[in-house]
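Engineer: Could you have a look at this structure, given as structure tokens, before my questions?
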Amino acid sequence: MELVVKSVSPETLKTATLVVAVGEGRKLGAAARQLDELSGGALSAVLKRGDLAGKVGQSLLLHSLPNLKAERVLLVGVGKDEELGDRPFRKIIAGVLNTLKGLGGTDAVLALDEIVVKGRDSYGKTRLLAETLVDGEYTFDQFKSQKAEPRALKKITLATIKAAQAEVERAVAHATAIANGMAFTRNLGNLPPNICHPTFLGEQAKNLGKEFKSLKVEVLDEKKIKDLGMGSFYAVGQGSAQPPRLIVMQYNGGKKSEKPYALVGKGITFDTGGISLKPGLGMDEMKYDMGGAASVFGTLRAVLELKLPINLVCILACAENMPSGNASRPGDIVTTMSGQTVEILNTDAEGRLVLCDALTYSERFKPQAVIDIATLTGACVVALGAHTSGLLGNNDELIAQLLSAGKSADDRAWQLPLFDEYQEQLDSPFADIANIGGPKAGTITAACFLSRFTKNLNWAHLDIAGTAWTSGGKDKGATGRPVPLLTQYLLDRAKA
Numbered sequence: 015m016e017l018v019v020k021s022v023s024p025e026t027l028k029t030a031t032l033v034v035a036v037g038e039g040r041k042l043g044a045a046a047r048q049l050d051e052l053s054g055g056a057l058s059a060v061l062k063r064g065d066l067a068g069k070v071g072q073s074l075l076l077h078s079l080p081n082l083k084a085e086r087v088l089l090v091g092v093g094k095d096e097e098l099g100d101r102p103f104r105k106i107i108a109g110v111l112n113t114l115k116g117l118g119g120t121d122a123v124l125a126l127d128e129i130v131v132k133g134r135d136s137y138g139k140t141r142l143l144a145e146t147l148v149d150g151e152y153t154f155d156q157f158k159s160q161k162a163e164p165r166a167l168k169k170i171t172l173a174t175i176k177a178a179q180a181e182v183e184r185a186v187a188h189a190t191a192i193a194n195g196m197a198f199t200r201n202l203g204n205l206p207p208n209i210c211h212p213t214f215l216g217e218q219a220k221n222l223g224k225e226f227k228s229l230k231v232e233v234l235d236e237k238k239i240k241d242l243g244m245g246s247f248y249a250v251g252q253g254s255a256q257p258p259r260l261i262v263m264q265y266n267g268g269k270k271s272e273k274p275y276a277l278v279g280k281g282i283t284f285d286t287g288g289i290s291l292k293p294g295l296g297m298d299e300m301k302y303d304m305g306g307a308a309s310v311f312g313t314l315r316a317v318l319e320l321k322l323p324i325n326l327v328c329i330l331a332c333a334e335n336m337p338s339g340n341a342s343r344p345g346d347i348v349t350t351m352s353g354q355t356v357e358i359l360n361t362d363a364e365g366r367l368v369l370c371d372a373l374t375y376s377e378r379f380k381p382q383a384v385i386d387i388a389t390l391t392g393a394c395v396v397a398l399g400a401h402t403s404g405l406l407g408n409n410d411e412l413i414a415q416l417l418s419a420g421k422s423a424d425d426r427a428w429q430l431p432l433f434d435e436y437q438e439q440l441d442s443p444f445a446d447i448a449n450i451g452g453p454k455a456g457t458i459t460a461a462c463f464l465s466r467f468t469k470n471l472n473w474a475h476l477d478i479a480g481t482a483w484t485s486g487g488k489d490k491g492a493t494g495r496p497v498p499l500l501t502q503y504l505l506d507r508a509k510a
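Residues 15 to 510 (the working numbering) are what the sequence shown spells out, left to right.
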């Protein structure tokens, strides 16, 4: 679907469907008032009959109004002035899209510029609108023998005023890149694990490098992983017939003298738990345990599409955690790339084992900041549910920047503490550190583990175990988060 911006008076446009706003109390928006005058009061007459009160979630489709070039007019309720928040606004736009997709028209015009969203300027409001529209077009049916029929809707025009056109176009460009990145992330996450394994992800990185010539890609095989001394990472993948891969992607859009930002993604393409085997119920969803790596792919794609003037390095630690005669065992001790030793008390706490070596590897790039992204702990789902990602780190400025980016992008995170008192839960009598810290504060102790490998870095950790995918039901699937948060963070750094 094409999304375009036009500085135009909406009532003059010939279109299949024209969408305008009605506030609570049947209050016509500016565009709706123009249509009402041109149609001889047709809208007012309909509203007086009580068919639409203007509350959020309401809509009314009108056909063939007099003196209008639009074949249909869709009235959408937007509630009371100054009370509309991000989520209700997104629901309004999603409802509009669903209605349009059910019609036979090939195009539509949205004259919703006058809607006020709390805390949002023209750019911020349009970003949410455009992102919702593009993301709302996502489907994943490549393994269905019966594909959905192509929809008639091909183009949506956003009508705006000339003074706001540049900001609206900038918002649409950013939103489209972010939504495309989310789609890339969702596609990777939704693929079955017999297809999406570490080698496949390496191939995806190489394909991205072919598509964008500004991207340098290196895929390290299991021999190189072992030669680098990544004993912790290697131990996770040694039980699988699918070999591990360390994927390194570098984008240099900034000055040569500028230090890069680094994104490190957990890429466990299927997590059985290893010898510490998970319960069978719901194990199919462990294909989403590469959600961190997938979100790095999606964020990188958005950055490449926008050609941001920054330097960025992306490191993906990809492995499959399987039980076998070659698998690591509870009680094994491994040596990490940093030289620290780890006692593996539970093979199902494997994400931190691949991340710790990837974080150590990131030091060679001398990054300004490092953010690791991982579906790391079930404890984070218990603490924050499916709405908010967990955030921890060792740099207050970086944490504040990520919290701000999440708020701006409507992809929120929440900071959890990383106090020294939690560190002692990881004490081991046999090694430098244990890979689990007991049943309490699981999200925090997982981050404490990673903090042992980031003392030379400005580092933050995003636990996306609750936000990377939706479980069960018709909406089951990868969400594409936290691509909006991460891209917004990089947009802020680039001042784009």
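Yeah, the Cβ is synthetic: ideal placement off N, Cα and C, and Gly gets one too.
#1: Apart from the five residues on each side of it in sequence, which residues of its chain come closer than 8 angstroms, Cβ to Cβ, to Val233?
#2: Residues in its own chain within less than 7 angstroms of Lys490 by CB, not counting five upstream and five downstream?
#3: Taking DSSP as the reference, what is the three-state secondary structure of His521?
#4: Where Asp155 and Ala197 are concerned, what is the direct C-alpha to C-alpha distance, given to the nearest angstrom?
#5: Could you give the residue range of the beta strand (DSSP E) that holds Phe103?
#6: As a quick exercise: from Ala363, Leu504, Val497, pick the residue whose alpha carbon is nearest that of Gly195.
#7: Just list the beta strand (DSSP E) runs in the stretch 301 to 360, keeping only unbroken ones of 3 residues or longer that don't cross its boundaries, in chain order.
#8: Identify whether Tyr531 lies in helix, strand or coil by the three-state DSSP scheme.
#9: Cα separation between Gln72 and Leu57?
#10: Going by beta carbon distance, what residues of the same chain come within less than 6 angstroms of Val18, once the five residues before and after it are set aside?
#11: Is the Cβ-Cβ distance between Leu117 and Thr31 less than 8 angstroms?
#12: Can you tell me whether Lys169 is helix, strand or coil according to DSSP?
#13: Assuming the contact rule is C-beta atoms closer than 8 angstroms, Glu357 and Ala448 should be a hit. Round their C-beta distance to whole Å, please.
#14: Going by DSSP in three states, Ala46 sits in which element: helix, strand or coil?
#15: Under the DSSP definition of a beta bridge, which residues are partnered with Glu16?
#16: Around the C-beta of Asn470, are 16 or more other C-beta atoms found within 10 angstroms, so that it is buried, or is it exposed?
#17: Return the Cβ separation of Asp529 and Thr391 in integer angstroms, given the expectation that the two are a contact with Cβ distance under 8 angstroms.
#18: Closest to Thr501 by C-alpha separation, out of Gly91, Glu163, Leu322, would be which residue?
#19: Can you tell me where the alpha helix (DSSP H) holding Glu217 begins and where it ends?
#20: Could you tell me the alpha carbon to alpha carbon distance between Val310 and Lys20, rounded to whole angstroms?
#21: For Ala187, which option in Gly487, Arg141, Ala35, Lys158 has the closest C-alpha, if you only look at C-alpha atoms?
#22: Can you tell me where the alpha helix (DSSP H) holding Asp413 begins and where it ends?
#23: Please list, in chain order, all residues of the same chain as Leu82 whose beta carbon is under 8 angstroms from its beta carbon, the five residues on each side excluded.
#24: For Gly119 and Leu167, which I take to be in contact (beta-carbon distance under 8 angstroms), what is that distance rounded to the nearest angstrom?
#25: Starting from Gln429, trace the beta strand (DSSP E) in both directions and tell me its first and last residue.
#26: Classify Val130 as helix, strand or coil using the three-state DSSP reduction.
#27: Does Val36 come out as helix, strand or coil in the three-state DSSP assignment?
#28: What are the partner residues of Met196, as DSSP defines its beta bridges?
#29: In angstroms with no decimal places, state the Cα-to-Cα distance between Ala427 and Leu417.
#30: Let me know if Phe157 comes out buried or exposed under the rule of 16 or more other beta-carbons within 10 Å of its beta-carbon.
#31: Can you tell me whether Val233 is helix, strand or coil according to DSSP?
#32: Going by beta carbon distance, what residues of the same chain come within less than 6 angstroms of Ala189, once the five residues before and after it are set aside?
#33: Using C-beta distances below 6 angstroms, list every residue in its chain close to Val348, excluding the 5 sequence neighbours before and after it, in chain order.
#34: What did DSSP end up calling Val182 once you bin it into helix, strand or coil?
#35: Look at the alpha carbon of Ala479 and the alpha carbon of Lys227, and state the distance between them as a whole number of angstroms.
#36: Could you have a look at Asp155 and say whether DSSP puts it in helix, strand or coil?
Structural biologist: According to the structure shown:
#1: Excluding residues up to 5 positions away in sequence, Gly216, Ala219, Lys220, Arg259, Leu260, Ile261, Val262 lie with their Cβ nearer than 8 angstroms to the Cβ of Val233 in the same chain.
#2: Close CB contacts of Lys490 within its chain, under the 7 angstroms cut and outside five residues either way in sequence, are with Thr484 (chain order).
#3: Nothing about residue 521 can be read from this structure; the chain reaches only from 15 to 510.
#4: Taking the straight line joining both Cα atoms gives about 13 angstroms.
#5: Looking at the DSSP string, Phe103 is not in any beta strand (DSSP E); the run it does join, the alpha helix (DSSP H), is 100 to 115.
#6: With distances taken between Cα atoms, Gly195 lies closest to Val497.
#7: If you keep only unbroken beta strand (DSSP E) runs of at least 3 residues inside the stretch 301 to 360, you get 325 to 335, 347 to 349, 355 to 357.
#8: The structure shown does not extend to residue 531, since the chain spans only 15 to 510, so no value can be given for it.
#9: Separation of Gln72 and Leu57 (C-alpha to C-alpha, rounded to the nearest whole angstrom) is 15 angstroms.
#10: Excluding positions up to five away in sequence, the list reads Thr171.
#11: yes
#12: Reduced to three states, the DSSP call for Lys169 is strand.
#13: 5 angstroms
#14: helix
#15: BP columns for Glu16 point to Lys169.
#16: exposed
#17: A question about residue 529 goes unanswered here, because the residues of the chain that appear run from 15 up to 510.
#18: Of the candidates Gly91, Glu163, Leu322, Leu322 places its Cα closest to the Cα of Thr501.
#19: 212 to 225
#20: 33 angstroms
#21: Arg141
#22: Reading off the sequence, residue 413 comes out as Ile, not Asp. It spans 410 to 423 - the alpha helix (DSSP H) in which Ile413 sits, taken as one unbroken run.
#23: Correct list, in chain order: Glu25, Leu32, Leu49, Leu52, Ser53.
#24: Indeed they touch by this definition, with Cβ atoms about 7 angstroms apart.
#25: 427 to 429
#26: coil
#27: Here DSSP, grouped into helix, strand and coil, assigns Val36 to strand.
#28: Paired residue(s): none; Met196 is not in a bridge.
#29: 6 angstroms
#30: exposed
#31: strand
#32: Closer than 6 angstroms at the Cβ level, and outside the excluded window around Ala189, lie Arg141, Ala144, Glu145.
#33: Gly245, Ser246, Ala249, Val356
#34: Assigned with DSSP and collapsed to three states, Val182 falls in helix.
#35: Each residue's alpha carbon lies about 33 angstroms from the other.
#36: coil
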